[in-house]
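Colleague: My questions will all concern the structure given below.
Chains as they are written, first to last, in the numbering used here: chain D, 1 to 271; chain L, 1001 to 1268.
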């Protein structure tokens, strides 16, 4: 395909054509996954290893893969109140299918105050700030500039409470794996120190910590975004199961009186 | 998270229900923005009036309802060549659930090429530039430097067709029809300044660009326009998904993948 071709010619060149660097399957024979035979070359990969290989086309050490496993494990909460989990549970409550409920729950995990929205802002902030600091910028100035633009720092503070129960465990694991000496983690901790000791009083949250750890492994923002897709997944199925096991409709029943109406007074439809 | 005295209450300016005397969970009467839905609107209100009322605080004027209905007809079926409908048909052709076909259409139709987020971005343009041609030129010349977003960078001016040569007849017909309602200033201005805007965008107007201007003329915000665009394109996705189901996967394009060289995975 010519990179110079534009307009309908570009589309015409691609009619009926499927070219891929990623792979294909030959029915009844074999499957190619990023240049390798899935069932011979890659058969011993564990699932996370294959998942990140599919995203990055790179191989990772067993320590790095252990860290990636735990990044997902430590943030899988089977708590039905959490907004994404609640979607899975409401699907069970309404006797929808598990796939639909969990797929929708994962889709809403791309939120602006948690999940992928904040994850992307967090890694972007760390990459930009490291570059600015390396070029001689003052860290406090970078933080002030970010606060001026966004009124918050992605990866610091938290919707429900300031502080994050996951961080001490993840930091301990990173230390045990020898993955706590990277420049992005050092930067993230310096930002926390600046934010917490200053008037902002914000602590680093899990999104900030994980963004730093993964940036130190060398993921690009897009790789990071795709890697995190199943981050909350393991907490969702329990919510669906429990709601499905209860009498139908009995999770989050809302009586009419619990809707607090703040709108227009009653009026007649005259059209 | 609500911390009010009644932590289970949901606040809304849209909807109120009175309960039956024998059951606090059964609806005796429902009111949308103050109008009795089942006792007053039903049988009298048009679908587009209800739609408009849900998103805005007031019912639409007659011309606003007419414009929204015409727009809904224009958007109802992007057709089987459209990526969102293609996605829905991928669900239908293999017997996936109805909801998954619509979810597929929504996910694919949410994007920045003819999708919901393109509407959002194009409507931000109307908010920023209004009917100032120079402002549009500056906006189109400004590279998208947005980083830290879940959305990819824009690759073309929102509302315009990056693969187009000239304005498609269907787009011109839609623009002429919708501008003819004389409901707001953006559609007529778009029609009058089409050549200059297309030159500035370096590609012809797309249907999404007409839709964005229409949503703006109707007073919707970019968030509302994005949501309505997603919603109004679903009927065609649904119909095409159902149509493919009995035809089956053997009658649906599958093709052959031609592998290109991929360098083997390197250690991180």
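For glycine and all other residues, C-beta sits at the position ideal for the given N, C-alpha and C.
Taking 9 Å as the CB-CB limit, is residue 51 (chain D) close to chain L?
Modeller: Chain L, which has no Cβ nearer than 9 Å to the Cβ of residue 51 (chain D), makes this no.
Colleague: Among residues of its own chain, excluding the 5 on either side of residue 207 (chain D), which ones have a beta-carbon nearer than 8 Å to its beta-carbon?
Modeller: Taking C-beta separations shorter than 8 Å and ignoring five residues to either side along the sequence, the partners of residue 207 (chain D) in its chain run 114, 118, 119, 122, 154 and 155, following chain order.
Colleague: Measuring straight from C-alpha to C-alpha, what distance separates residue 213 (chain D) and residue 226 (chain D)?
Modeller: Going by the C-alpha atoms only, they are around 15 Å apart.
Colleague: Return the CA-CA distance between residue 185 (chain D) and residue 1183 (chain L), expressed in angstroms with no decimal places.
Modeller: 55 Å
Colleague: Hey, is residue 2 (chain D)'s beta-carbon within less than 9 Å of any beta-carbon in chain L?
Modeller: Here the model assigns residue 2 (chain D) a pLDDT of 46, short of 50, so the residue's position is not dependable and the matter cannot be decided.
Colleague: Whose C-alpha, out of D:27, D:36, D:14 and D:17, is nearest the C-alpha of residue 1261 (chain L)?
Modeller: D:36
Colleague: Are residue 1205 (chain L) and residue 1161 (chain L) closer than 9 Å when you measure CB to CB?
Modeller: yes
Colleague: Taking a Cβ distance cut-off of 8 Å, strictly less, list which residues of the stretch 204-230 of chain D are near chain L, in chain order.
Modeller: 217, 218, 221 and 225
Colleague: What are the boundary residues of the alpha helix (DSSP H) that residue 1259 (chain L) is part of?
Modeller: Run containing residue 1259 (chain L): none in the alpha helix (DSSP H); it sits in the beta strand (DSSP E), 1257-1259.
Colleague: Taking Cβ-Cβ distances shorter than 7 Å, what residues in chain D pair up with residue 1035 (chain L)?
Modeller: 267 and 269
Colleague: Roughly how many whole angstroms lie between the Cα atoms of residue 38 (chain D) and residue 21 (chain D)?
Modeller: 14 Å
Colleague: In the DSSP assignment, what residue or residues form a beta bridge with residue 1015 (chain L)?
Modeller: Answer is L:1032, bridged to residue 1015 (chain L).
Colleague: Cβ of residue 1261 (chain L) less than 9 Å from any chain D Cβ?
Modeller: yes
Colleague: Is DSSP giving residue 1196 (chain L) helix, strand or coil here?
Modeller: helix
Colleague: Taking the alpha-carbon of residue 1090 (chain L) as reference, which of L:1259, L:1258 and L:1247 has the nearest alpha-carbon?
Modeller: L:1247
Colleague: Residue 1122 (chain L): which of L:1178, L:1221, L:1235 and L:1181 sits nearest, CA to CA?
Modeller: L:1221
Colleague: Based on DSSP bridge pairs, tell me the residues matched to residue 1077 (chain L).
Modeller: Answer by DSSP bridge pairing: none, since residue 1077 (chain L) is not bridged.
Colleague: Could you give the first and the last residue of the continuous beta strand (DSSP E) run that contains residue 11 (chain D)?
Modeller: According to the DSSP assignment, residue 11 (chain D) belongs to no beta strand (DSSP E) but to the alpha helix (DSSP H) extending over 7-13.
Colleague: Quick one: which residues of the stretch 234-265 of chain D get their C-beta closer than 8 Å to a C-beta of chain L? List them in chain order.
Modeller: 253, 254, 255, 256, 257, 258, 259, 260, 261, 262, 263, 264 and 265
Colleague: Starting from residue 1156 (chain L) and walking both ways along the alpha helix (DSSP H), at which residues does that stretch end?
Modeller: Membership of residue 1156 (chain L) in any alpha helix (DSSP H) is not indicated, and neither H nor E is assigned to it by DSSP.
Colleague: Relative to the ligand ZN, is the shortest distance from any of its heavy atoms to the C-beta of residue 263 (chain D) smaller than 8 Å?
Modeller: No copy of the ligand ZN occurs in the structure displayed, which carries no ligand at all.
Colleague: Is the CB-CB distance between residue 1019 (chain L) and residue 255 (chain D) below 9 Å?
Modeller: yes
Colleague: Suppose you measure from the CA of residue 14 (chain D) to the CA of residue 234 (chain D); what does that come to, to the nearest Å?
Modeller: A direct Cα-to-Cα measurement between residue 14 (chain D) and residue 234 (chain D) gives close to 39 Å.
Colleague: Which value, in whole angstroms, describes the spacing of the CA atoms of residue 169 (chain D) and residue 1145 (chain L)?
Modeller: 36 Å
Colleague: Does the CB of residue 1150 (chain L) have a neighbour CB from chain D at under 9 Å?
Modeller: Chain D contact via Cβ: present.
Colleague: Is residue 1190 (chain L) helix, strand or coil by DSSP?
Modeller: Look at residue 1190 (chain L) here: in three-state DSSP terms it is helix.
Colleague: Which whole-angstrom value is the C-beta distance of residue 1176 (chain L) and residue 1191 (chain L), which I expect to be below 8 Å?
Modeller: 7 Å
Colleague: Whole angstroms are fine: how far does the CA of residue 1069 (chain L) sit from the CA of residue 54 (chain D)?
Modeller: 45 Å
Colleague: So, helix, strand or coil for residue 2 (chain D), using DSSP?
Modeller: With a pLDDT of 46 at residue 2 (chain D), under the threshold of 50, the modelled position of that residue is not reliable, and no figure is offered here.
Colleague: Which runs of the beta strand (DSSP E), 3 residues or longer, sit entirely within the stretch 76-138 of chain D?
Modeller: none
Colleague: Who pairs with residue 20 (chain D) in a beta bridge, going by DSSP?
Modeller: Residue pairing by DSSP puts residue 20 (chain D) in a beta bridge opposite L:1259.
Colleague: Which residues in chain D have a C-beta closer than 8 Å to the C-beta of residue 1009 (chain L)? List them in chain order.
Modeller: 258, 259 and 260
Colleague: Which first and last residues belong to the alpha helix (DSSP H) in which residue 1145 (chain L) is found?
Modeller: Run containing residue 1145 (chain L): none; DSSP gives neither H nor E here.
Colleague: Can you tell me which of L:1044, L:1046, L:1038 and L:1241 puts its alpha carbon nearest to the alpha carbon of residue 1105 (chain L)?
Modeller: L:1241
Colleague: For residue 1019 (chain L), return the contacting residues in chain D, with the cut-off set at a CB-CB distance below 8 Å.
Modeller: 255, 256 and 257
Colleague: Any residues in the stretch 7-19 of chain D with a beta carbon nearer than 8 Å to a beta carbon of chain L? Which ones, in chain order?
Modeller: 7, 8, 10, 11, 16, 17, 18 and 19
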